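Q:
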Amino acid sequence: MKALLLEDYKKLTVVDFPEPETGPDDVLVRVASCGICGSDVHGFDGGSGRRIPPVIMGHEASGTVAQTGSNVKRFKQGDRVTFDSMINCGRCPYCRKGQPNLCADRRVLGVSCGDYRRHGAFAEYVAVPQHIVYAVPDTVSFDQAAMVEPVSVALHAANLAGGGLGDSCVVVGAGMIGLLTVQAMRIKGCGQIIAVDLDDSRLALAKTSGADVTINAKNTSVPERVRELTGGEGADIVMEAVGTNATVLASIDSVRKGGTVVLIGNVTKDTALPLQSVVTREVRLQGSCASANDYTACLDLIGRGAFRVEPMISATAPLERGAEMFDRLYAHEAGLTKVILKP
Ligand SMILES: NC(=O)c1ccc[n+]([C@@H]2O[C@H](COP(=O)([O-])OP(=O)(O)OC[C@H]3O[C@@H](n4cnc5c(N)ncnc54)[C@H](O)[C@@H]3O)[C@@H](O)[C@H]2O)c1
Ligand SMILES: [Zn+2]
Ligand SMILES: [Zn+2]
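In our numbering, the protein residues as written are 503 to 845.
1) Can you tell me the Cα-Cα spacing of Pro639 and Ser535, whole angstroms?
2) Anyone know if the C-beta pair for Ile739 and Gly665 falls short of 7 angstroms?
3) Along the beta strand (DSSP E) that carries Leu514, what are the first and last residues, could you check?
4) Comparing the CB of Asn590 with every heavy atom of ligand 3, is any distance shorter than 6 angstroms?
5) Please state whether DSSP places Ser587 in a helix, a strand or coil.
6) How long is the line joining the alpha carbons of Phe809 and Arg598, rounded to whole angstroms?
7) Note down, in chain order, each residue of its chain lying with its Cβ closer than 6 angstroms to the Cβ of Arg552, except the 5 sequence neighbours on either side.
8) Kindly provide the ranges of any alpha helix (DSSP H) runs that are 4 or more residues long and lie completely inside the region 665-740, ordered along the chain.
9) Considering Cα atoms alone, identify which of Gly668, Met503, Gly733 is closest to Ser756.
10) Would you say the beta carbon of Cys605 is closer than 6 angstroms to some non-hydrogen atom of ligand 3?
11) Please specify which runs of the alpha helix (DSSP H), each continuous and at least 4 residues long, are wholly inside the region 758-840, giving them in chain order.
12) Bridge partners of Gln569, per DSSP?
13) Leaving aside the five residues before and after Arg608 along the sequence, list all residues of the same chain whose C-beta is less than 6 angstroms from its C-beta, in chain order.
14) So, does the region 784-801 touch the region 652-665, judging by three or more C-beta pairs under 8 angstroms?
15) Ligand 3 and Cys692: does the residue's C-beta get closer than 6 angstroms to at least one heavy atom of that ligand?
16) Apply the 10 Å Cβ neighbour rule to Ser564 and answer buried if 16 or more other Cβ atoms are within range, or exposed otherwise.
17) Does any residue of chain D bring its CB to less than 7 angstroms from the CB of Gly548?
18) Tell me which residue opens and which closes the alpha helix (DSSP H) that Leu751 is part of.
19) How should Gly761 be labelled, buried or exposed, when 16 other C-beta atoms within 10 angstroms of its C-beta is the threshold for buried?
20) Please determine, among Thr710, Gly549, Ala825, the residue with the shortest C-alpha to C-alpha distance to Ile695.
21) Near Cys539, which residues of its chain fall below 6 angstroms by C-beta distance, leaving aside the five closest residues on each side in sequence?
22) Measuring alpha carbon to alpha carbon, tell me which of Val653, Val628, Glu626 ends up nearest Val811.
23) Take Phe577 and list the residues in its own chain whose beta-carbon comes closer than 8 angstroms to its own, dropping the five residues that flank it on each side.
24) What residue range does the alpha helix (DSSP H) around Ala629 cover?
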């Protein structure tokens, strides 16, 4: 089969690769669309240590069932499907509690690290275990379905935020995750939504995603402006979707007493904690990682038009143009958001 192989750091080549084997519990998917994730771009230069060559990357995909293993009863050839980016073990205490995102032995598709190598979906075919496969409704296109993973990250974080209808919310960072989080908080029934970024084109997208007000953190103090906009108190909820020291501190400083900060961004390993401010103001800090059993709800919400993912897709391209697209994303080309490759 045709596959986009990371042969060496920053060296992507379309190669002829052996088709994956379909085990008894596996579904072989003929890939139609596969999105390039920020983590693929951060990994392909060796930066994250999670894309050790050779590896076929890609974990945000959709397609049709080409073949099923002997134990697979829920899917048949020709079904339109998508699948979770993470393969959970299904047996550990977390999987059994319905928290597969916290699985002790989870493996991410298209990742190669010290512990394992699992080829992903920048290829004509990928084999995945049936328990992570989801049917794609007729109302959802393959490209839309390839967006379900980042949508599920936002939906999961929005659910962990708690709160109620009309709550004010700040979303720090208007990258793919931040923009989808703005949409999720709008769907959830927030009142005023304030989006923060350094890039005005991202802030414009935040507005079309449902933000009422935007703040460019380059030239404005975020906590001060948030207090001005929220009667002097700070926001009920802050969603942090950058993951740097400065943005984590600004997030904690922008939330009201007794409010909640959901931490989604994780590019930095450690950040400072303003302990007294968190303790004396009873700020709740809530981490959020990937998603847990949220794909069906996300596909439904995409199909209903509640999540609008098309404005987030800036290009689709054949696998042969994969290397070029990675280079453009790596160079932070202005205006380039999600790119979907079509094997
Ligand atoms: N917890 C999870 O499950 C999960 C899942 C996916 C991604 N992430 C993390 O979420 C974060 C965002 O991911 P993404 O794909 O949207 O990344 P992205 O690079 O597309 O977006 C980051 C955005 O933050 C903005 N930004 C940078 N510095 C800023 C600052 N000081 N103030 C305001 N805005 C600033 C950038 O302009 C950009 O628009 C990353 O840390 C990523 O690792 C977490
Ligand atoms: Zn991803
Ligand atoms: Zn498990």
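Backbone N, C-alpha and C fix where the C-beta goes; we use that ideal spot for every residue, glycine too.
None of the values given here were measured: they were computed from a predicted structure.
A: Taking the definition as stated:
1) The straight-line gap from Cα to Cα measures roughly 15 angstroms.
2) Yes; because the gap between Cβ atoms is below 7 angstroms, this pair is in contact.
3) Bounds of the beta strand (DSSP E) holding Leu514 are 513-518.
4) Asn590 Cβ: within cutoff of ligand 3.
5) In the structure shown, Ser587 sits in coil (DSSP, three-state: anything other than H, G, I, E or B).
6) Separation of Phe809 and Arg598 (C-alpha to C-alpha, rounded to the nearest whole angstrom) is 29 angstroms.
7) Contacts found: Gly545, Val613, Cys615.
8) With a minimum length of 4 residues, the continuous alpha helix (DSSP H) runs that stay inside the region 665-740 are 678-690, 702-711, 724-731.
9) Nearest to Ser756 by alpha-carbon distance, out of Gly668, Met503, Gly733, is Gly733.
10) Under cutoff, so the answer is yes.
11) With a minimum length of 4 residues, the continuous alpha helix (DSSP H) runs that stay inside the region 758-840 are 777-782, 797-805, 824-832.
12) Gln569 is bridged to Leu530.
13) Excluding the 5 residues flanking it on each side, Arg608 has same chain C-beta neighbours closer than 6 angstroms at Met588, Asn590, in chain order.
14) Short answer: they touch.
15) When distances are taken from the beta-carbon of Cys692 to the heavy atoms of ligand 3, even the shortest one reaches 6 angstroms or more.
16) Buried, because 16 or more other Cβ atoms sit within 10 Å of the Cβ of Ser564.
17) Among the chains of the structure shown, chain D does not appear; only one protein chain is present.
18) It spans 747-756 - the alpha helix (DSSP H) in which Leu751 sits, taken as one unbroken run.
19) It counts as buried.
20) Nearest option by C-alpha distance: Thr710.
21) Glu562.
22) Minimum Cα distance to Val811 is reached at Val653.
23) Excluding positions up to five away in sequence, the list reads Val529, Val567, Thr570, Val583, Gln632, Val635, Ala637.
24) For Ala629, there is no enclosing alpha helix (DSSP H); the enclosing beta strand (DSSP E) has its first and last residue at 627-631.
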